[in-house]
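Chains as they are written, first to last, in full-length UniProt numbering: chain V, 1 to 245; chain C, 1 to 242.
Printed below as a string of structure tokens:
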């Protein structure tokens, strides 16, 4: 192998006066920020949609189903381009102009990635609620709870516990999916990765480092949610997949 | 207390209840029995509007449950219900199971709700289990907690939907004992059950249902003495001869 290893290049100065490792750190920061913000959007919207799809109201179910069908079946990168280039042309002109000129890129990227992931979380939340016995809802109603209170106090606390392993996968995926936002100009980790390869040609070193960064992000998220899973485990009840250790 | 007038219900084109009429007076204990699929559970769930029905009316304590203007949560809070599969909330301790609806529905303070819950837990003989979770209790214990949970709301009447059907035989009596005690204290009760021993002991009336209709509605003595309908006779012969 004739590859010229040079791990020290990370400490070399770049065109803009920073070091290459600064680019990596900056990319890592953007990846983390965009991912976590998108995850927040996805969890909130996904939960609302998931609940909607289990209500007795048909129009709410239909609305939720339609959302999931659209956002789960269109590739993420197409959705991002849609928010950046198509939607501003479709809305009233002043709003379109505002989206193109004043709205920070990262907001659109977060919304795009969040709405995409929300469809997947909606599917899981729905599955979690539907896995509970019908009697749990009845028991809540019989005690005088409103429909909403049966979700708040009875059904959602169990549904989230049941789907936590699936939500963990989704939370790890979002870091990986966030790489796609480079295509709409977010200076995140993958963008910096491509840029550094072009500047230095130290492909192996930078690939190893960036891979490790993604791995650590996903792994930390995994550990945090495994901790949550352990803390919320219900004594005497076997929930989800592995559960107890 | 409970008046059921000409109630009919369909699932699509399938009729599950046909022109059911009966009533439960204050402090009366009425046992509803019949073969599986006869509509007993459906009928009792209509009483607190857990199941909607298309025809007829049900009036509970002067309030029409089928009236769209009726505040159903408020009405249900006054009608206790116990289910076949207990339906305790698995993620809450026994104490929280007993307290949550008192706090969220009746607006009681947490101290007051816990205090009341623990008193009732003591009454069903489970005070030592207060800090446990439902999954750590036996079926019989869970069902006794479920009864205590319903009683904590100070209900004006109690509905029991096959409360012992999901229990192992050796746990049936501990639940029935609680129900008998409740009946003797004058609680108005409507019980779907096959426990004829319970019916003999405390029921005032027995209703026999078959294929969605009330076939027989008689005083306990008449029902066990000489049921009028052949179907009720055949049913009694089957369940009493073992």
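Beta carbons are placed, not taken as given, at the ideal position from N, Cα and C, and that holds for glycine. Fair warning: this is a prediction, and the values are worked out from it, not measured in the lab.
Cβ of residue i less than 9 Å from any chain V Cβ?
i: residue 186 (chain C); result: no
i: residue 143 (chain C); result: no
i: residue 179 (chain C); result: no
i: residue 105 (chain C); result: yes
i: residue 90 (chain C); result: yes
i: residue 246 (chain C); result: Nothing about residue 246 (chain C) can be reported from this structure: the residues present for chain C run from 1 to 242 only.
i: residue 81 (chain C); result: yes
i: residue 135 (chain C); result: yes
i: residue 78 (chain C); result: yes
i: residue 68 (chain C); result: no
i: residue 84 (chain C); result: yes
In chain order, what residues of the same chain lie with their CB nearer than 8 Å to the CB of residue i, ignoring the 5 residues before and after it?
i: residue 246 (chain V); result: The requested residue 246 (chain V) is not part of the displayed model; chain V covers only 1 to 245.
i: residue 93 (chain C); result: 130, 131, 132 and 133
i: residue 142 (chain V); result: none
i: residue 13 (chain V); result: 19
Using a C-beta cutoff of 9 Å, does residue i count as contacting chain C?
i: residue 243 (chain V); result: Any reading at residue 243 (chain V) needs caution, since the residue's pLDDT is 37, under 50, leaving its predicted position unreliable; the model's value is listed next. Closer than 9 Å: no.
i: residue 154 (chain V); result: yes
i: residue 227 (chain V); result: no
i: residue 219 (chain V); result: no
i: residue 234 (chain V); result: yes
i: residue 139 (chain V); result: yes
i: residue 167 (chain V); result: no
i: residue 47 (chain V); result: no
i: residue 75 (chain V); result: no
i: residue 240 (chain V); result: Note that residue 240 (chain V) scores 42 on pLDDT, short of 50, meaning its location in the model is unreliable; the coordinates nonetheless yield the value given after this. Chain C, which has no Cβ nearer than 9 Å to the Cβ of residue 240 (chain V), makes this no.
i: residue 187 (chain V); result: no
i: residue 164 (chain V); result: no
Looking at residue i: is its Cβ nearer than 9 Å to the Cβ of residue j?
i: residue 113 (chain C); j: residue 129 (chain C); result: no
i: residue 62 (chain V); j: residue 85 (chain C); result: no
i: residue 246 (chain C); j: residue 82 (chain C); result: This structure cannot speak to residue 246 (chain C), because chain C is shown only from 1 to 242.
i: residue 54 (chain V); j: residue 91 (chain C); result: no
i: residue 174 (chain C); j: residue 140 (chain C); result: yes
i: residue 133 (chain C); j: residue 78 (chain V); result: no
i: residue 122 (chain V); j: residue 76 (chain V); result: no
i: residue 195 (chain V); j: residue 30 (chain V); result: no
i: residue 146 (chain C); j: residue 87 (chain C); result: yes
i: residue 208 (chain C); j: residue 34 (chain C); result: yes
i: residue 200 (chain C); j: residue 216 (chain C); result: no
i: residue 150 (chain V); j: residue 137 (chain V); result: yes
i: residue 105 (chain V); j: residue 104 (chain C); result: no
Output the distance between the C-alpha atoms of residue i and residue j, rounded to the nearest integer angstrom.
i: residue 5 (chain V); j: residue 206 (chain V); result: 11 Å
i: residue 41 (chain V); j: residue 114 (chain V); result: 5 Å
i: residue 52 (chain V); j: residue 2 (chain C); result: 34 Å
i: residue 68 (chain V); j: residue 125 (chain V); result: 12 Å
i: residue 154 (chain C); j: residue 78 (chain C); result: 7 Å
i: residue 75 (chain C); j: residue 159 (chain C); result: 13 Å
i: residue 167 (chain C); j: residue 148 (chain V); result: 31 Å
i: residue 2 (chain V); j: residue 203 (chain V); result: 13 Å
i: residue 127 (chain V); j: residue 9 (chain V); result: 49 Å
i: residue 55 (chain C); j: residue 9 (chain C); result: 7 Å
i: residue 213 (chain C); j: residue 176 (chain C); result: 27 Å
i: residue 201 (chain V); j: residue 39 (chain V); result: 34 Å
i: residue 217 (chain V); j: residue 71 (chain C); result: 50 Å
i: residue 155 (chain V); j: residue 133 (chain V); result: 10 Å
i: residue 232 (chain C); j: residue 120 (chain V); result: 53 Å
i: residue 27 (chain C); j: residue 67 (chain C); result: 25 Å
i: residue 17 (chain C); j: residue 80 (chain C); result: 23 Å
i: residue 116 (chain V); j: residue 107 (chain V); result: 14 Å
Which same chain residues, not among the five before or five after residue i, have their C-beta less than 6 Å away from its C-beta?
i: residue 239 (chain V); result: Low confidence applies to residue 239 (chain V): its pLDDT is 48, below 50, so where it sits in the model is not reliable enough to give any reading.
i: residue 202 (chain C); result: 29, 180 and 183
i: residue 230 (chain C); result: none
i: residue 51 (chain C); result: 42 and 45
i: residue 151 (chain C); result: 120
i: residue 178 (chain C); result: 124, 144 and 147
i: residue 184 (chain V); result: 80, 84 and 109
i: residue 6 (chain C); result: 19, 21 and 56
i: residue 118 (chain V); result: 42, 45 and 46
i: residue 149 (chain C); result: 97 and 98
Note down, in chain order, each residue of its chain lying with its Cβ closer than 7 Å to the Cβ of residue i, except the 5 sequence neighbours on either side.
i: residue 111 (chain V); result: 41 and 83
i: residue 28 (chain V); result: 189 and 213
i: residue 108 (chain C); result: 102
i: residue 89 (chain V); result: 96
i: residue 164 (chain C); result: 172, 175, 176, 193 and 195
- Message: Whether or not the stretch 187 to 206 of chain C and the stretch 41 to 59 of chain C are in contact is what I'm after, with contact meaning three or more pairs of Cβ atoms, one per stretch, closer than 8 Å; do they touch?
- Response: With three or more CB-CB distances shorter than 8 Å, the stretch 41 to 59 of chain C counts as touching the stretch 187 to 206 of chain C.
- Item | the stretch 59 to 74 of chain C touching the stretch 229 to 239 of chain C, judged by at least three CB pairs closer than 8 Å | no
- For the 8 Å Cβ check, are there 3 or more pairs between the stretch 6 to 19 of chain V and the stretch 90 to 108 of chain V? Segments in contact, no.
- Task: Check whether the stretch 68 to 82 of chain V touches the stretch 212 to 227 of chain V, counting contact only when three or more Cβ pairs, one atom from each stretch, lie closer than 8 Å.
- Result: no
- Query: Is there contact between the stretch 21 to 39 of chain V and the stretch 161 to 177 of chain V, where contact requires at least three CB pairs shorter than 8 Å?
  - Reply: yes
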